[in-house]
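To start, the structure under review is shown below, and the notes come after it.
Residue numbers (the numbering used here), protein chains in the order written: chain P, 30 to 804; chain E, 88 to 209.
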């Protein structure tokens, strides 16, 4: 069943795209763009999700999506007004659809009544308005009757049997009637041919059901002088001989042409007469009566009584008028189970005419012109952005190879010493061009994997809305920088942490409207979600103007849980950061205090997983800011190459503020035995990398260097290294993938000379030390 | 008998993939398009024996697609099957009004799909 698995994978892939699209559409709809394009896109998304779900038998999803789709359809055609309430309901519905998709994917069952409230509201909405619009449904079939009128012309048949047929009129029974046989009268309308249906094919289907006798009724064919090329003159009378045949089986053959023909199906013979009259016949009669007046065909433009007469025919055969052999031979066949080729022969002469019949006479120019206009419009639209789908693995391979190319290129450049440079100017120029091209290639390749964070951000307005409803608070969400691009794998990991952070802000940060007013704040709280690129990192900031972290409570809980020793007095910033401390936050006891803590360890672990860091800063009564710093995991990093002991390390250039020679730096001792550095009146924590990484250094302390770095929240840290070698670009290799996560190290890289260097994680170093102190 | 060529038009990759699988297993040659406009482009350049089209699609929906097919070129007798969900009777009617030959109910059963195709092609 691997085929099915493949299809499912495609389906879930598609669902996730569609769900993202839905969120984007609703973000725009919420913002006031309530145009039909948006609604159509929403409808299509739900429709596609439903269609696929049906294919795999996800019936709960189908059921919900169907109810939702119906609502959307009504909104789309104006039966239901798209009020704010409806938008909110839809947004909630998207959520439920997403949950159903997830459940289908993971195989976890949702409660049987999941989404039942929403479904009930859909129904209520639909009922409330549904009376107004019953009239749109009927116009369909009529639109088509300007189209061509196929003709059944069989001149030979007219010559051979025309007169007799006319005399026979309609009450001529075609076949000897045997008990239990089915009699079918079939008169196609022009529309049947216009839709590329063909009586021949219907007969073929019937022939597969049992023995069949077909007789063409040709008496309607007028003299040549009156002949209208596009009228339908031919009808058929068919007798089916098969013991197992049911009316449903016969009707199914005519399923596609229902409404495009007059058809009656009746079972004949002693046993079935009553049934034929009571149950079988009335239905087709009713149908035919309705169809006839609307059909302008000559055949059907009969006076009412004529129509009635015609229709009487259906139940009539019960009173048989057998003209067996003569009539049958007269037309074409008597052999039961007539050979298909023979039957085809009788119809064929007409067929070419049907096919060649020109299309609409009256409207054709309008119709023909339309595609051109449409085509141009469509063309220009699709010329905007064209895209192809590529397996992510393939892109990864290219990214890796480009990485290797960058390293090789930088190695070549490093090998060029001054003498070589002087001697081979052409070679140097070539290398410069190569460097430039490599850089361009690298950027382009990275851009392939990059996606705007919009796809994650767009899910958040819904979340905030929900949280506001649940908590009874007034909250508005501002998003900034949603077009900032990050690597696709990072984006995929971003959704959960962001959800947690926003939930936290709404739950614990933002106060109730009353409290806010009492504090002199507007009653509506604001959560600001922003993304920006900062050097080699992406910063994602969730900021609220709520109450801030309740530090007393947090510290109390931390002490109770033994996260902070009783004799340690952490700084405010350290307390704030405690909410991420492992083991600190999962306890339920915290969920009902006004401080923070719920789920934040999840945030930290998820962000660490993608090599990022989280920093929190809070201002009592004013709000809280949480900053996610995410590396461009696959990106090429501009770094400073330094030496610690005998080993090379690299420090991301983006975090370096300045470098100072140790002899010129002013260190001061602090009581704990550590050192701080005074820079322009600010005291900065000092970390000796040699000590930190257990390296032996023989460099004279005076000759060592301070690399002043900026960590989260503009807090600085001073790294002491033995030597500064220079700047260069490196390709980040994940340590976690190849080894394991190491505190204080963000990854590894291969240098131009083939050596491996570790990338210093400035924030990680600082955080690790805070925790060490705290514990 | 020559291989029948089927053009499938649907914006859902899942459905396209499933149609492709079913139809090619049944010995049809399958062409694909993701919306009505693409479908028309295919018909401009390719000879096909039957079309299977979704209704709800971006750029050009199935109804409009069928109208265009019926109005252009030599496609008046090209069977066009509408791929539809079981409940959208009025869509089906619209599709029929536009010139659709028949319909396939989603989710489709492979055997039924083939039999429906056989019902409309010579």
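Every residue, glycine too, gets a C-beta built ideally from N, C-alpha and C.
What do you get for residue i, buried or exposed, if any count of 16 or more other CB atoms within 10 angstroms of its CB means buried?
i                      : result
residue 466 of chain P : exposed
residue 166 of chain E : buried
residue 445 of chain P : exposed
residue 642 of chain P : buried
residue 534 of chain P : buried
residue 333 of chain P : Note that residue 333 of chain P has pLDDT 40, beneath the 50 cutoff, so the model's placement of it is unreliable and the number below is only indicative. Exposed.
residue 626 of chain P : Here residue 626 of chain P scores only 42 on pLDDT, less than 50, and its place in the model should not be relied on; the value that follows carries that caveat. Buried, by the Cβ-count rule.
residue 509 of chain P : exposed
residue 454 of chain P : exposed
residue 769 of chain P : exposed
residue 599 of chain P : buried
residue 494 of chain P : buried
Residues of chain E with a CB under 7 Å from the CB of residue i: which are they?
i                      : result
residue 234 of chain P : 206
In whole angstroms, what is the alpha-carbon distance linking residue i and residue j?
i                      : j                      : result
residue 76 of chain P  : residue 104 of chain P : 14 Å
residue 126 of chain P : residue 95 of chain P  : 10 Å
residue 767 of chain P : residue 761 of chain P : 12 Å
residue 692 of chain P : residue 732 of chain P : 7 Å
residue 536 of chain P : residue 549 of chain P : 20 Å
residue 207 of chain E : residue 186 of chain E : 13 Å
residue 581 of chain P : residue 644 of chain P : 19 Å
residue 125 of chain E : residue 95 of chain E  : 10 Å
residue 109 of chain P : residue 72 of chain P  : 14 Å
residue 305 of chain P : residue 287 of chain P : Its pLDDT being 39, under 50, residue 305 of chain P is placed unreliably by the model, and nothing is read from it.
residue 241 of chain P : residue 70 of chain P  : 49 Å
residue 677 of chain P : residue 754 of chain P : 9 Å
residue 186 of chain P : residue 257 of chain P : Low local confidence applies: a pLDDT of 45 at residue 186 of chain P is under 50, so the model's placement there is unreliable, with the coordinate-based value given in what follows. Cα to Cα, the separation comes out at about 17 Å.
residue 716 of chain P : residue 786 of chain P : 19 Å
residue 152 of chain P : residue 100 of chain P : 8 Å
residue 781 of chain P : residue 679 of chain P : 13 Å
residue 138 of chain P : residue 297 of chain P : 53 Å
residue 193 of chain E : residue 84 of chain P  : 7 Å
residue 255 of chain P : residue 249 of chain P : 11 Å
residue 701 of chain P : residue 597 of chain P : 12 Å
residue 107 of chain P : residue 181 of chain E : 18 Å
Using DSSP's beta-bridge definition, name the partner residues of residue i.
i                      : result
residue 241 of chain P : P/269
residue 734 of chain P : P/690, P/750
residue 669 of chain P : P/680, P/756
residue 566 of chain P : P/563, P/660
residue 94 of chain E  : E/118, E/138
residue 290 of chain P : P/217
residue 644 of chain P : P/656
residue 712 of chain P : P/707
residue 555 of chain P : P/505
residue 481 of chain P : P/514
Listing by chain order, which chain P residues have their CB less than 9 Å from the CB of residue i?
i                      : result
residue 108 of chain E : 32, 35, 36
residue 132 of chain E : Correct list: empty, because the minimum Cβ distance to chain P is about 14 Å.
residue 167 of chain E : 224, 225
residue 89 of chain E  : Those within 9 Å of residue 89 of chain E in chain P number zero; the least Cβ separation is about 18 Å.
Terminal residues of the continuous beta strand (DSSP E) containing residue i?
i                      : result
residue 140 of chain E : 137–141
residue 778 of chain P : 774–779
residue 172 of chain E : 167–172
residue 508 of chain P : 503–509
residue 786 of chain P : 785–789
residue 193 of chain E : 189–193
What in chain E is Cβ-close to residue i, meaning under 9 Å?
i                      : result
residue 538 of chain P : Chain E residues near residue 538 of chain P: none, gap ~40 Å exceeds 9 Å.
residue 43 of chain P  : 99, 100, 101
residue 230 of chain P : 166, 205, 206, 207, 208, 209
Where do the N-terminal and C-terminal ends of the alpha helix (DSSP H) with residue i fall, by residue?
i                      : result
residue 629 of chain P : 629–638
residue 457 of chain P : 454–478
residue 124 of chain E : 123–132
residue 578 of chain P : First-last for residue 578 of chain P: undefined, no H or E at that position.
Starting from residue i, find everything on chain P with Cβ-Cβ shorter than 7 Å and list it in chain order.
i                      : result
residue 199 of chain E : What residue 199 of chain E touches in chain P: nothing, since even the nearest Cβ is about 11 Å away.
residue 188 of chain E : 224, 225, 226, 285
Taking C-beta pairs closer than 8 Å, name the residues in chain P that residue i reaches, listed in chain order.
i                      : result
residue 104 of chain E : 35, 36, 39
Starting from residue i, find everything on chain E with Cβ-Cβ shorter than 8 Å and list it in chain order.
i                     : result
residue 81 of chain P : 99, 101, 102
residue 72 of chain P : 143
residue 76 of chain P : 143, 172
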